[in-house]
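K.L.:
Handing you a structure now.
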Amino acid sequence: MRHIISILLENEAGALSRVSGLFSARGYNIETLTVAPTEDLSLSRLTIVTSGSDDVIEQITKQLNKLIDVIKVVNLSEAAHIERELMLIKVRAAGKDREEMKRMADIFRGRIIDVTESTYVIELTGSGSKLDSFIQGIDADLILETVRTGVSGIGRGDRILKL
Amino acid sequence: MTMMTGAEIVIRCLQEEKVEYVFGYPGGAVLHIYDELFRQDKVKHILVRHEQAAVHAADGLARSSHKVGVALVTSGPGATNAVTGIATAYMDSIPLVVISGQVPTHYIGQDAFQECDTVGITRPCVKHNFLIKDVRDIAMTMKKAFYIANSGRPGPVVVDIPKDITAAKCAFEYPEEVHMRSYNPVMKGHAGHIKKAMQLLLAAKRPMIYTGGGVILSNAADELTTLTRRLGFPITNTLMGLGAYPATDRQFLGMPGMHGTLEANMAMQHCDVLLAIGARFDDRVIGNPENFASLPRKIIHVDIDPTSISKRVRVDVPIVGNVPDVLQEMIKLLDGEADKADISDWWQEIAAWRARQCMKYTMKDIIMPQYVIEKLYEVTGGQAIVTSDVGQHQMWAAQYYKFDEPRRWLNSGGLGTMGVGLPYAMGAVLANPDRQVACVTGEGSIQMCIQELSTAKQFRMPIKIVNLNNGYLGMVRQWQEMFYSSRYSHSYMDSLPDFVKLAEAYGHVGIRVTKPEEVEGALRKAFVEHKNDLVFLDILTDREANVFPMVAAGKGLGDMILAEDL
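So the protein lines, in turn, are chains E and H. For the first sequence, this note's numbering assigns the number 2 to the initial residue and increments by one for each residue that follows. For the second sequence, this note's numbering assigns the number 90 to the initial residue and increments by one for each residue that follows.
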């Protein structure tokens, strides 16, 4: 099963590699990983999308907590949460494709943020599956380049991950 | 406040931590630190002959004394040589602080001479590590290093210090205490779970206690013995846990696992309530986890590390906490209610397993390795600290030397590192100057750190090396005999040195023993006549003796091969 794990960790050199090293050393899977400092610059917030049986997810959570630089770990998937991912996608937009590409961007509430005679760069935000749908919805031959941030997640309502 | 160099601060920190011995090897990046070592006499330095042995010796000191072991190595190859020692300590949760020199900060990343990414290389095999980038951080980092190494589930901590940082100056003040927002090991167990555990134990018809290295590391042998005696339950100690409960006691069933006793393994399999304490259901202990889990029993698991719980086997009552604290709580609950189920039928079942005498072996005209360990036990009155390397001799030592007290048996259980025996003995003699120290080894293992005979001479370490020399990498040969149709691929040791002459060349006493009737006399000679010397006993044993009982890898614990079956 797919899980979204949120981690607060010390914003220190090497802290990220302790987390990523743990996943590779113990054979856990990372689908996406995003990290950036929080409003408190001594802290980083990290979101990992992973998958595994309940036993594996339990071990992942415990092993993460065991890392000295990790302060808090929450499995966002256990309760109501919001996830978002940003994608920038450069597509061929010439001739008849130009109109079609604009329409697709509109349907997915994307924004065209760079325009040339033959290309667009479309900015798209949403859940990972929405971004997947967009990619599947357009002609694969027209995709020149994609870049995705990976999932960021946050709990709904009163669920707060803070020190 | 007077200004000090980083190097002086490092040494002052060691003094503040009451470190008596540092095991190390100098080199360019640690020269400032070595200069400060020279200018004081509180911290004694033991010059090893290879950095791997520095870490093993610090580890041996820690295992035999409940102190934090300290090693000091230079950058690059000094640090990489230390890695095996660090990984060994990590697998067995031994508290160490390993200080490594690093190239100057402005050289880092430039492929400088003797540069390596020590923090990166050691990251997967340390509890934590640090690269110090400011002289003002040394004192707090050292404080944290000792605190992390020796609290919670212990482990090695590496502190990497660039050379320019050891030359820079600042004021020194050693922090009284340390607080880390991200690290707070749980000490007290959950009261509700402890109560539930006691209810299960008191109602059990076929209870069993299984304890590991955690009981030794947390100094909980007294609490364990009290609890076990009051409950009257059978108990087994793992390879890492030997000595936590007296091996000569009636309630002790011997070691469990791949080379455990029949009675211990059968009781592990067929109990109805299993109390696991400071143990981790290792593959060498429980065999096939699916087979183990297929039998109906309730499992209570006490451990300070939550990741050990339900890692390989699902448990019914998890208790995260410091072992002695939890055991004290359990003993308190016993004071209240004394009613426990009658387990005399269970003891009768156990007696039947015991009657099989799974450890008996046949004497021959040549020396049987098991006999050597039995004689070693007699000659030392069961009071020695015994270190071992890895292989058949390790199993025989664990099986036939009956450890009645903790911290008497030192071996690499988790990583299985050949070569630890001699350096472990070095650490043990320094930490326990009044105690006999024997290193049980084989002709394969001893050669992996043989250079330390030189260190042992320099520092007059009266270690007794008991070399069970069968001319084979015995455990490899045993597996090849059993599982590879006796194709002994590269498991023989050709061109062995003359160990007696080798010992003499290093300035020690060497004795060769070739007949069974010579064994006891040679041991007495070593331990009595040459009490203060290092003695290398090269004992030529039965070349193809095998370790039994045995549970083959991947099999269930109940699927045992006994010597009598063959």
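Every residue gets a Cβ at the ideal spot worked out from N, C-alpha and C, and that includes glycine.
Taking beta-carbon pairs under 7 Å, can you tell me which members of the segment 251-275 of chain H lie near chain E?
P.N.:
Listed by position, the residues of the segment 251-275 of chain H near chain E (Cβ gap below 7 Å) are Arg-270, Ser-271 and Tyr-272.
K.L.:
Determine the DSSP secondary structure at Val-75/E, reduced to helix, strand or coil.
P.N.:
Counted from its first residue, the first sequence places residue 75/E at position 74. Residue state, collapsed to three classes: strand.
K.L.:
Within the continuous alpha helix (DSSP H) that includes Thr-169/H, where are the two ends?
P.N.:
Residue numbering aside, residue 169/H sits at position 80 when the second sequence is read from its first letter. 166-180 is the span of the alpha helix (DSSP H), which, as asked, contains Thr-169/H.
K.L.:
Which residues does DSSP list as the beta-bridge partners of Asp-627/H?
P.N.:
The residue given as residue 627/H occupies position 538 in the second sequence. The partner list for Asp-627/H (beta bridge, DSSP) reads Asn-556/H and Arg-601/H.
K.L.:
Beta-carbon of Gly-22/E versus every beta-carbon of chain H: anything under 8 Å?
P.N.:
Residue 22/E sits at position 21 when you count from the first residue of the first sequence. Interface residue, yes.
K.L.:
Between the beta-carbon of Gly-384/H and the beta-carbon of Tyr-299/H, is there less than 8 Å?
P.N.:
As a position in the second sequence, residue 384/H is number 295, starting the count at 1. As a position in the second sequence, residue 299/H is number 210, starting the count at 1. Residue 384/H is actually Leu in this sequence, not Gly. It is not a contact, given that the beta carbons lie outside the stated cut-off.
K.L.:
Is the shortest distance between the beta-carbon of Pro-395/H and the beta-carbons of chain E less than 8 Å?
P.N.:
Within the second sequence, residue 395/H is the residue found at index 306, counting from 1. Yes, Pro-395/H lies at the interface with chain E (some Cβ there is under 8 Å from its Cβ).
K.L.:
Starting from Ile-49/E, follow its DSSP beta bridges and name the residues at the other end.
P.N.:
The residue labelled residue 49/E in the question sits at position 48 within the first sequence. Answer by DSSP bridge pairing, in chain order: Ile-6/E and Leu-34/E.
K.L.:
Buried or exposed for Tyr-573/H, going by 16 or more other Cβ atoms inside 10 Å?
P.N.:
As a working mapping, residue 573/H is identified with position 484 in the second sequence. Exposed, because fewer than 16 other Cβ atoms sit within 10 Å of the Cβ of Tyr-573/H.
K.L.:
Does any C-beta atom of chain H lie closer than 8 Å to the C-beta of Ser-54/E?
P.N.:
The residue labelled residue 54/E in the question sits at position 53 within the first sequence. Answer no: the Cβ-Cβ gap between Ser-54/E and chain H never drops below 8 Å.
K.L.:
Just to check my reading of the structure: Cys-528/H and Thr-476/H have Cβ atoms closer than 8 Å, yes? What is that Cβ distance to the nearest angstrom?
P.N.:
On the second sequence, residue 528/H is found 439 positions in, with the first residue counted as 1. On the second sequence, residue 476/H is found 387 positions in, with the first residue counted as 1. About 5 Å separates the two Cβ atoms, so the contact holds.
K.L.:
What are the residues that DSSP puts in a beta bridge with Asn-218/H?
P.N.:
Position 129 of the second sequence, counted from the first residue, corresponds to residue 218/H. BP columns for Asn-218/H point to Val-247/H.
K.L.:
Taking Thr-163/H as the reference, which of Ile-250/H, Val-374/H, Leu-291/H and Ile-375/H has the closest Cα?
P.N.:
By 1-based counting over the second sequence, the position of residue 163/H is 74. Ranking Ile-250/H, Val-374/H, Leu-291/H and Ile-375/H by Cα distance to Thr-163/H puts Ile-250/H first.
K.L.:
Distance check for Arg-566/H and Phe-588/H, CA to CA, integer angstroms please.
P.N.:
Residue 588/H sits at position 499 when you count from the first residue of the second sequence. Residue 566/H sits at position 477 when you count from the first residue of the second sequence. Their Cα atoms are separated by approximately 22 Å.
K.L.:
What do you get for Gln-481/H, buried or exposed, if any count of 16 or more other CB atoms within 10 angstroms of its CB means buried?
P.N.:
Here residue 481/H corresponds to residue number 392 of the second sequence, with the count starting at 1. That one is buried.
K.L.:
List the residues of chain E that His-390/H touches, going by C-beta distances under 9 Å, in chain order.
P.N.:
Mapped onto the second sequence, residue 390/H falls at position 301. Simply none; closest approach about 13 Å.
K.L.:
Determine which residues of the segment 82-115 of chain E have a Cβ less than 7 Å from any Cβ of chain H, and write them out in chain order.
P.N.:
Going along the segment 82-115 of chain E in chain order, one finds no residue with a Cβ nearer than 7 Å to chain H.
K.L.:
Output yes if chain E places a C-beta closer than 8 Å to the C-beta of His-579/H; else output no.
P.N.:
For the purposes of this step, residue 579/H is taken as the residue at position 490 of the second sequence. It does not; no Cβ of chain E falls within 8 Å.
K.L.:
Determine the chain E residues that contact Arg-212/H at a beta-carbon separation under 8 Å, and present them in chain order.
P.N.:
In the second sequence, counting from the first residue as 1, residue 212/H sits at position 123. Near Arg-212/H (Cβ distances below 8 Å), the residues of chain E are Gly-15, Ser-18, Arg-19 and Gly-22.
K.L.:
Please list, in chain order, the chain E residues whose beta carbon lies closer than 9 Å to that of His-282/H.
P.N.:
In the second sequence, the residue the question calls residue 282/H occupies position 193. In chain order: nothing, as chain E lies at least about 16 Å away.
K.L.:
Taking just the CA atoms, how far does Met-550/H sit from Glu-266/H?
P.N.:
On the second sequence, position 177 is the one that residue 266/H refers to. On the second sequence, position 461 is the one that residue 550/H refers to. When rounded, the distance between both Cα atoms is 36 Å.
K.L.:
So, do the segment 303-320 of chain H and the segment 263-277 of chain H have three or more beta carbon pairs nearer to each other than 8 Å?
P.N.:
They do not touch, by the three-pair rule.
K.L.:
Anything in chain H within Cβ reach of Glu-11/E, meaning under 8 Å, just list it in chain order.
P.N.:
In the first sequence, counting from the first residue as 1, residue 11/E sits at position 10. Within chain H, the residues near Glu-11/E are Ser-271.
K.L.:
Within its chain, find whatever has a CB closer than 6 Å to the CB of Val-159/H; leave out the 5 residues flanking it on each side and keep chain order.
P.N.:
Your numbering for residue 159/H matches position 70 in the second sequence. Once the five neighbours on either side are set aside, the close Cβ partners of Val-159/H are Val-108, Val-111, Ala-147 and Val-186.
K.L.:
Give the secondary structure of Val-475/H by DSSP, where H, G and I count as helix, E and B as strand, and everything else as coil.
P.N.:
Looking up residue 475/H in the second sequence gives position 386. Three-state DSSP puts Val-475/H in a strand.
K.L.:
Going by Cα to Cα distance, which pick from Ala-94/E, Arg-160/E and Ile-114/E is closest to Asp-142/E?
P.N.:
Working through the first sequence from its first residue, we reach residue 142/E at position 141. Answer by Cα proximity: Ala-94/E.
K.L.:
Could you list the residues in the segment 33-61 of chain E with a C-beta less than 9 Å from some C-beta on chain H, going in chain order?
P.N.:
So the close ones are Asp-56, Glu-59 and Gln-60.
K.L.:
Count the other C-beta atoms from every protein chain shown that fall within 10 angstroms of the C-beta of Asp-428/H, then say buried if there are 16 or more, exposed otherwise.
P.N.:
Position 339 of the second sequence holds residue 428/H. Under this definition Asp-428/H is an exposed residue.
K.L.:
With distances taken Cα to Cα, identify the nearest neighbour of Ala-49/H among Gln-540/H, His-579/H and Gln-525/H.
P.N.:
Absent from the structure is residue 49/H, since the part of chain H shown begins at 90 and ends at 655.
K.L.:
Does any residue of chain E bring its CB to less than 8 Å from the CB of Ser-182/H?
P.N.:
Position 93 of the second sequence holds residue 182/H. So no, Ser-182/H is outside the interface.
K.L.:
Since Thr-315/H and Tyr-334/H should fall inside the 8 Å C-beta cutoff, what is the C-beta to C-beta distance between them, to a whole number of angstroms?
P.N.:
Position 226 of the second sequence, counted from the first residue, corresponds to residue 315/H. Position 245 of the second sequence, counted from the first residue, corresponds to residue 334/H. About 10 Å separates the two Cβ atoms, so there is no contact after all.
K.L.:
Only counting runs of 4 or more residues, tell me where the alpha helix (DSSP H) segments fall wholly within the segment 435-523 of chain H, in order along the chain.
P.N.:
You should have 458-468, 481-489 and 510-520.
K.L.:
Just to check my reading of the structure: Pro-605/H and Tyr-460/H have Cβ atoms closer than 8 Å, yes? What is that Cβ distance to the nearest angstrom?
P.N.:
Position 516 of the second sequence holds residue 605/H. Position 371 of the second sequence holds residue 460/H. So it is a contact: roughly 6 Å between Cβ atoms.
K.L.:
Can the beta-carbon of Ser-52/E be found less than 8 Å from the beta-carbon of Arg-99/E?
P.N.:
As a first step, residue 52/E must be located in the first sequence, where it is residue number 51. As a first step, residue 99/E must be located in the first sequence, where it is residue number 98. No, Cβ-Cβ distance for Ser-52/E and Arg-99/E is not below 8 Å.
K.L.:
Cβ of Ala-26/E less than 8 Å from any chain H Cβ?
P.N.:
Position 25 of the first sequence, counting from 1, holds the residue named residue 26/E. Judged by the 8 Å Cβ criterion, Ala-26/E is in contact with chain H.
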